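As numbered in this note's numbering, residues 310 to 376 make up the sequence shown, in order. Glycine residues also receive a C-beta, built at the ideal position from the N, C-alpha and C atoms. Treat the numbers as computed from the prediction; the structure is a model and nothing was measured.
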Amino acid sequence: MPWDKHDYPPSMKNLEPRVREKAVDIANALLRDGYEEGRSIAIATSQAEEWNNNHPAEQDKKTTKHK
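This is how it looks when you write it as structure tokens:
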């Protein structure tokens, strides 16, 4: 079942919105690649949190200003 920013797994409800959106994108990609739902959620959450640590929100704002 693909998810979106309004309909996502309950386990993602406590993630920051930006991290949750990234996790949903990753989870959907994993589902398309044939991963089981539970495994895709776990992997996506972990990868989204790692992405967030490596790409702080302030860095996104700086990048956006230059566009």
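Check                                                                                                                   : Outcome
Could you give the residue range of the alpha helix (DSSP H) that holds E258?                                           : No answer is possible for residue 258: the residues shown for the chain start at 310 and end at 376.
Taking C-beta to C-beta, are K331 and A351 nearer than 8 Å?                                                             : no
Our contact map puts R327 next to Y317 with C-beta atoms below 8 Å; I'd like the distance itself, whole angstroms only. : The pair is not a contact, with the Cβ atoms about 13 Å apart (cut-off 8 Å).
I need the DSSP call for L324, collapsed to helix, strand or coil.                                                      : coil
Does the distance from the C-beta atom of A338 to that of W312 stay below 8 Å?                                          : no
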